[in-house]
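First comes the structure, then the notes that go with it.
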Amino acid sequence: MPTSPSLGQHPHRARRRVRVLLLLAFALVILRHGWLVDDAYISLRTVDNFCNGHGLVWNVGERVQAFTHPLWLLLCWAVYSITNEFFYSLIIFGALVSTGAVAIVSIRLARSEWVGIIVLLAATLSHAFVDYATSGLENPLTHLLIALSAWVYLGRVPDVRRFTLLCLLGGLSLLSRPDNAVLLGPVVLAAGIQAFRRGEKLTPLLRGAVLASAPLVAWELFSLVYYGALVPNTALAKLNSGIDAGQLAHQGLLYFVSTLDADPLTLLIIVAGVVAPFMTRDRKMIPFAVGIILHALYMTKIGGDFMLGRFFTAPMFMALVCLSQIKRIELTQFLIIAAIVAGIGLSAHPNTLETNSTIRVPHNQARTGRRVTNEHALLFHAASLLSANRWDEMPNHGWTDLGLRGARPGRKTVIARAMGYRGLAAGPDVHLVDDVALTDPLLARMPALWRPDWMTGHFIRTIPPGYIQTLETGENVIEDPQVHELYERIDLVTHGDLWSWDRFRAIWWLNTGGPAELLNEEAWRFHGASRRNASSIAAKPVADGTPINSKLVRRFTDAGVYVKYKQLKRAHELEVSVNDADRFEIRFYDHAEEVARVPVPRQLEWNQDGVSARHIELPEVLSERGFTRLRILPMTRQRKRQPYYAISHLLFDEEIEAGKATPL
Numbered sequence: 098m099p100t101s102p103s104l105g106q107h108p109h110r111a112r113r114r115v116r117v118l119l120l121l122a123f124a125l126v127i128l129r130h131g132w133l134v135d136d137a138y139i140s141l142r143t144v145d146n147f148c149n150g151h152g153l154v155w156n157v158g159e160r161v162q163a164f165t166h167p168l169w170l171l172l173c174w175a176v177y178s179i180t181n182e183f184f185y186s187l188i189i190f191g192a193l194v195s196t197g198a199v200a201i202v203s204i205r206l207a208r209s210e211w212v213g214i215i216v217l218l219a220a221t222l223s224h225a226f227v228d229y230a231t232s233g234l235e236n237p238l239t240h241l242l243i244a245l246s247a248w249v250y251l252g253r254v255p256d257v258r259r260f261t262l263l264c265l266l267g268g269l270s271l272l273s274r275p276d277n278a279v280l281l282g283p284v285v286l287a288a289g290i291q292a293f294r295r296g297e298k299l300t301p302l303l304r305g306a307v308l309a310s311a312p313l314v315a316w317e318l319f320s321l322v323y324y325g326a327l328v329p330n331t332a333l334a335k336l337n338s339g340i341d342a343g344q345l346a347h348q349g350l351l352y353f354v355s356t357l358d359a360d361p362l363t364l365l366i367i368v369a370g371v372v373a374p375f376m377t378r379d380r381k382m383i384p385f386a387v388g389i390i391l392h393a394l395y396m397t398k399i400g401g402d403f404m405l406g407r408f409f410t411a412p413m414f415m416a417l418v419c420l421s422q423i424k425r426i427e428l429t430q431f432l433i434i435a436a437i438v439a440g441i442g443l444s445a446h447p448n449t450l451e452t453n454s455t456i457r458v459p460h461n462q463a464r465t466g467r468r469v470t471n472e473h474a475l476l477f478h479a480a481s482l483l484s485a486n487r488w489d490e491m492p493n494h495g496w497t498d499l500g501l502r503g504a505r506p507g508r509k510t511v512i513a514r515a516m517g518y519r520g521l522a523a524g525p526d527v528h529l530v531d532d533v534a535l536t537d538p539l540l541a542r543m544p545a546l547w548r549p550d551w552m553t554g555h556f557i558r559t560i561p562p563g564y565i566q567t568l569e570t571g572e573n574v575i576e577d578p579q580v581h582e583l584y585e586r587i588d589l590v591t592h593g594d595l596w597s598w599d600r601f602r603a604i605w606w607l608n609t610g611g612p613a614e615l616l617n618e619e620a621w622r623f624h625g626a627s628r629r630n631a632s633s634i635a636a637k638p639v640a641d642g643t644p645i646n647s648k649l650v651r652r653f654t655d656a657g658v659y660v661k662y663k664q665l666k667r668a669h670e671l672e673v674s675v676n677d678a679d680r681f682e683i684r685f686y687d688h689a690e691e692v693a694r695v696p697v698p699r700q701l702e703w704n705q706d707g708v709s710a711r712h713i714e715l716p717e718v719l720s721e722r723g724f725t726r727l728r729i730l731p732m733t734r735q736r737k738r739q740p741y742y743a744i745s746h747l748l749f750d751e752e753i754e755a756g757k758a759t760p761l
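For reference, each letter of the sequence shown is one residue, going 98 to 761 in the working numbering.
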């Protein structure tokens with residue numbers, strides 16, 4: 098009598114079933130984590146305006162691109178057009194796209210069943226990947242485009258058609274997020290080189306690249322004509338930060354450290370994915386590893402991101418592609434690797450399997466001194482699928498309530514910082530201005546304020562006097578003449594006749610350095626600095642330990658202290674008395690030119706929250722060339738309440754000894 102075959106007789110079929118079950122488990126886990134982040138609603142307000150006939154704009158009547166992912170925005174519009182609802186629709190849509198991307202890598206591309214199982218296990222236990230498998234941001238689309246690119250790259254011979262398809266997918270990935278260029282660029286370039294070496298002519302390859310770039314070129318042309326810029330307004334706001342490259346790189350490293358602390362499995366997978374092609378001598382996968390390395394360097398250069406894990410999901414998924422191509426793995430090796438992945442993934446608290454509607458992460462843990470925020474933990478109680486109920490409209494957050502209140506009676510303009518939930522809830526009749534300039538065309542082109550507590554992607558601007566009244570009335574009453582002129586050009590681009598020659602001339606001016614030449618960058622960067630004359634700041638030194646809130650010291654804010662001298666001054670050494678627990682930097686200028694930067698270290702006093710003097714040797718350029726003015730800038734902020742900073746005195750050379758003789 099025939100018997101049914103056992104699992105032992107068909108191990109490949111059994112392992113395939115395990116992969117399918119794990120894929121379903123992955124889908125279940127990401128639905129349990131399903132949420133929409135506040136930043137996603139910035140794009141969704143644009144979608145809502147578009148669906149209501151107001152155009153692809155953030156504020157009605159003002160042509161500004163407040164999103165970085167036009168392709169993802171198009172998909173969100175398609176979903177919303179079908180369901181007429183954002184919250185549940187986009188969580189489910191993101192989950193479907195992410196599950197499809199993982200299915201391609203773990204089932205279609207994985208070269209062995211064991212490797213496919215490890216890929217699924219890693220994806221399920223990675224906090225970053227699970228958190229941003231939904232979120233309403235473009236991460237799921239990026240993952241899918243990486244998976245499709247790998248499928249084309251690995252599944253076809255190196256010819257013109259493969260190269261053209263990869264160029265198309267690469268261009269679409271740029272429409273998902275522009276910095277995907279560093280991830281997929283090496284793969285597309287390698288495909289072109291492989292096709293050329295195989296005998297393909299250069300002309301067909303170039304023709305294929307040009308044809309494949311048509312969607313990207315079409316969008317850029319539309320963006321230039323409609324919005325007046327080739328890059329989104331968000332990019333302008335983030336690039337004009339004024340933060341030194343060294344500080345950005347340090348923050349970028351802290352972004353890695355934050356992930357190592359909260360989600361070590363994600364970093365382990367990325368490292369393993371980079372190493373795997375070199376250890377297995379799989380030359381075909383080296384371009385993927387190079388893309389991951391370039392992305393890591395890029396993340397470090399730009400200061401990472403303020404959202405924990407968000408920028409790590411794409412390189413991690415690329416690493417999973419690299420790992421999927423390992424040819425052979427024995428059962429013992431599989432068990433060891435699976436145990437390591439499971440152990441590290443489950444060591445996070447809460448891990449991806451623990452998350453539920455009762456989990457609460459304190460705000461002081463979600464937001465740390467590294468200036469990296471666990472947005473999923475911070476917003477999960479108000480904007481997640483598991484927090485939904487019958488009575489509350491989602492997201493059920495205080496920012497949504499602020500939006501529903503709208504503007505003050507008789508006003509239409511609201512100044513806000515958390516713009517997403519609030520912006521969509523406020524509706525099209527409210528004009529929202531954010532002082533981090535993500536959605537404002539004027540503030541994005543102005544220098545960011547100096548703040549020691551800056552956060553990547555959120556660089557605060559000073560709102561020029563008269564700007565809000567200008568938005569309320571439609572008449573330009575901005576007081577500063579340079580900003581007044583800048584707004585005239587911006588108003589012509591964002592509100593003027595779309596096809597007028599004056600508007601095109603204004604677009605050219607805005608995109609060829611006009612704002613930088615017009616504005617006094619230093620004045621706006623340090624707007625609000627405490628101005629002190631040289632004689633007052635050199636008089637009456639106080640004893641170390643004098644409290645910061647004492648009347649004997651001079652208090653100041655994040656913008657620092659500005660001192661101007663009547664004539665050229667030369668010095669070999671200085672003594673400055675400022676907060677003992679904070680670091681500062683003194684910048685010396687000879688008229689408009691910066692001459693030197695001198696760090697002022699901390700100098701702690703026992704049981705004190707006051708000022709203390711530091712004696713510092715100055716660089717030779719300050720004794721030879723000299724200086725006419727200086728700025729004392731805070732580099733840290735230890736105090737949690739105002740006044741944040743205070744200065745007692747600033748003395749040079751012979752003034753130092755004279756000051757010691759007559760302290761208060």
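Note that beta-carbon positions come from the ideal geometry of N, C-alpha and C, so glycine has one too. Values in this document were obtained by computation on a predicted structure and should not be read as measured data.
- CA-CA distance, P99 and R113? Confidence is the limiting factor: at P99 the pLDDT is only 48, short of 50, which leaves the residue's position unreliable, though a coordinate-based value still follows. Inter-residue distance for P99 and R113 is about 24 Å (C-alpha atoms, whole angstroms).
- Query: Quick one: what's got a C-beta closer than 8 Å to S103's C-beta in the same chain, skipping five residues either side?
  - Reply: Low confidence applies here, because S103 scores a pLDDT of 46, under 50, leaving its location unreliable and the question unanswered by this model.
- Item | As assigned by DSSP and simplified to three states, the class of W155 | Of the three classes helix, strand and coil, the one that applies to W155 here is coil, per DSSP.
- Query: Across which residues does DSSP place W132 in a beta bridge pair?
  - Reply: Paired residue(s): S481.
- Message: Give me, in chain order, the residues of the same chain whose beta-carbon lies closer than 6 Å to that of V387; leave out the 5 immediate sequence neighbours on both sides.
- Response: Excluding residues up to 5 positions away in sequence, P283 lie with their Cβ nearer than 6 Å to the Cβ of V387 in the same chain.
- Can you tell me the Cα-Cα spacing of H240 and R734, whole angstroms? Computed Cα separation, rounded: 38 Å.
- Message: DSSP three-state label for Q40, please.
- Response: Residue 40 is absent from the model: the chain starts at 98 and stops at 761.
- Item | Extent of the continuous alpha helix (DSSP H) to which N236 belongs | N236 -> alpha helix (DSSP H) spans N236 to G252.
- Compute the minimum distance between the beta carbon of T165 and the heavy atoms of the ligand FAD, and state whether it is under 7 Å. Absence of the ligand FAD from the depicted structure is noted, as is the absence of any ligand whatsoever, leaving it without description.
- Bridge-paired residues (DSSP) for D687: In the DSSP output, where bridge partners are listed per residue, D687 has E690.
- Message: For a quick check, are the C-beta atoms of H494 and A480 less than 8 Å apart?
- Response: Annotated as proximal: H494 and A480, with beta-carbon spacing under 8 Å.
- Quick one: Cα of H669 to Cα of G625, how far? Our two residues, H669 and G625, have alpha carbons roughly 29 Å apart in a direct line.
- Query: In angstroms, rounded to a whole number, what distance separates the CA positions of F211 and L118?
  - Reply: Note that residue 211 is Trp in the sequence shown here, rather than Phe. W211 and L118 have their C-alpha atoms some 14 Å from each other.
- Among V199, I215, S223 and G343, which has the Cα closest to the Cα of L238? Measuring from the Cα of L238, the nearest candidate turns out to be V199.
- Message: Between which residues of its own chain and S101 is the CB-CB distance below 8 Å, once the five residues before and five after are set aside?
- Response: Any reading at S101 is ruled out, since the residue's pLDDT is 46, under 50, leaving its predicted position unreliable.
- Query: Which stretch, first to last residue, makes up the beta strand (DSSP E) that contains R652?
  - Reply: R651 to F653 is the span of the beta strand (DSSP E), which, as asked, contains R652.
- Rounded straight-line distance, which links the Cα of G370 to that of V202: Using only the alpha carbons, I get a separation of about 13 Å.
- Where I191 falls: helix, strand or coil (DSSP): Here residue 191 turns out to be Gly, not Ile, going by the sequence shown. Three-state result, G191: helix.
- Item | Backbone secondary structure at D145 - three-state DSSP | Helix, per DSSP.
- Message: With H, G and I counted as helix, E and B as strand and the rest as coil, what does DSSP make of D750?
- Response: Here D750 carries a coil assignment [DSSP, helix/strand/coil].
- Query: For Q664, is the classification buried or exposed, using 16 other Cβ atoms within 10 angstroms of its Cβ as the cut-off for buried?
  - Reply: Exposed, since its Cβ has fewer than 16 Cβ neighbours within 10 Å.
- Message: What residue range does the beta strand (DSSP E) around E670 cover?
- Response: For E670, the enclosing beta strand (DSSP E) covers residues E670 to N676.
- Message: Short of 6 Å in beta carbon distance, which residues of its chain neighbour E569, apart from the five on each side in sequence? Order them along the chain.
- Response: Beyond the five residues adjoining it in sequence on each side, E569 comes within less than 6 Å, by CB distance, of T510 in the same chain, given in chain order.
- Item | Integer Cβ distance of L265 from A288, believed to fall under 8 Å | Wrong, their Cβ atoms sit about 12 Å apart, outside the cutoff.
- Report the rounded CA-to-CA distance for V574 versus Y584, giving the unit in angstroms. If you take the alpha carbons of V574 and Y584, they lie about 10 Å apart.
- Query: According to the Cβ coordinates, are F385 and M415 closer than 8 Å?
  - Reply: Against a cut-off of 8 Å, the Cβ pair of M415 and F385 comes out as a contact.
- Message: Rounded to whole angstroms, what is the Cα-Cα separation between V673 and R629?
- Response: Distance between the alpha carbons of V673 and R629 is about 14 Å.
- Message: Within 10 Å of its beta-carbon, does M516 have 16 or more other beta-carbons around it, so buried, or fewer, so exposed?
- Response: So M516 counts as buried.
- What's the C-alpha gap between A513 and D532? One Cα belongs to A513, the other to D532, and the distance between them is close to 7 Å.
- Task: For G520, I'd like the list of residues in its chain whose CB is within less than 7 Å of its CB, leaving aside the five on either flank, ordered along the chain.
- Result: Contacts found: Y138, I139, R142, G500 and L529.
- Buried or exposed for V307, please, with buried defined as at least 16 other CB atoms from any protein chain shown within 10 angstroms of its CB. Under this definition V307 is an exposed residue.
- Use the C-beta contact count for G267: other C-beta atoms within 10 angstroms, 16 or more gives buried, fewer gives exposed. The Cβ neighbour count for G267, taken over all protein chains shown within 10 Å, is at least 16; the residue is labelled buried.
- Query: Would you say M732 and E691 are within 8 Å of each other, going by their C-beta atoms?
  - Reply: In terms of Cβ geometry, M732 and E691 do not form a close pair [threshold 8 Å].
- Task: Determine the direct distance from the alpha carbon of A311 to that of V438, and round the result to whole angstroms.
- Result: The straight-line gap separating the alpha-carbon atoms of V438 and A311 is approximately 42 Å.
- Task: Identify the continuous beta strand (DSSP E) that holds I713 and give its terminal residues.
- Result: For I713, the uninterrupted beta strand (DSSP E) run begins and ends at V708 to E714, by DSSP.
- Message: Taking a contact to mean a Cβ-Cβ separation below 8 Å, would you say G296 touches D360 in this structure?
- Response: The Cβ atoms of G296 and D360 do not sit closer than 8 Å to each other.
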